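Numbering-wise, the numbering used here puts 685 at position 55 of the sequence shown, and it's gapless, one number per residue.
A virtual CB, placed ideally from N, CA and C, is assigned to each residue, including glycine.
Just so you know, these numbers come straight off a predicted model, no measurement behind them.
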Amino acid sequence: MSASNSFPTKVWKCYVCGRIFANLEQSKGHCYQQHRNLPYVCDLWGRAMKDFSNFKRHQLIHTGERPHFCRHCGKAFARKDKLNDP
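The following block contains the structure:
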């Protein structure tokens, strides 16, 4: 195997989302562009969000919780904006 076809011996992993990079500069650039000022990070997907309300709404995907109920049919929804009142 030639040197041009070999895999890098060292990789850099984003501490927020786990994405792998071939060099430190790429990793730093990614973190700055994707995760700056985003304090809420999903532990399962690595998705980072700025607002706690968006983070809390995102977490419903993982918990399966559906706290919003239709008063007509009883169907449950994770997000209130998915409730359509006829």
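When you compare each of the options to residue i by their alpha carbons, which one comes out closest?
{"i": "G659", "options": "H688, T639, H702 and Y645", "result": "Y645"}
{"i": "D681", "options": "R649, T693, C647 and H665", "result": "H665"}
{"i": "C672", "options": "I650, Y662, R687 and T639", "result": "R687"}
{"i": "S683", "options": "G676, L674, L668 and W675", "result": "L668"}
{"i": "I691", "options": "C661, R709 and K643", "result": "R709"}
How far does the alpha helix (DSSP H) with residue i in it reach, from first residue to last?
{"i": "G665", "result": "The question names Gly, yet the displayed sequence has His at residue 665. Segment L654 to H665, the alpha helix (DSSP H) holding H665."}
{"i": "K686", "result": "F682 to T693"}
Enumerate in chain order the residues of its own chain whose CB-to-CB distance from residue i is below 8 Å, with the five nearest sequence positions on each side excluded.
{"i": "M631", "result": "Residue placement at M631 cannot be trusted, given a pLDDT of 46 that sits under 50; what the coordinates show is reported in the next sentence. Result list for M631: empty, nothing under 8 Å."}
Please report whether the beta-carbon of residue i lies at a distance below 8 Å from any beta-carbon of chain D.
{"i": "R687", "result": "In summary, chain D is missing from the structure at hand, where a single protein chain is found."}
Excluding the five sequence neighbours on either side, which residues of its own chain have a C-beta within less than 6 Å of the C-beta of residue i, listed in chain order?
{"i": "V641", "result": "I650"}
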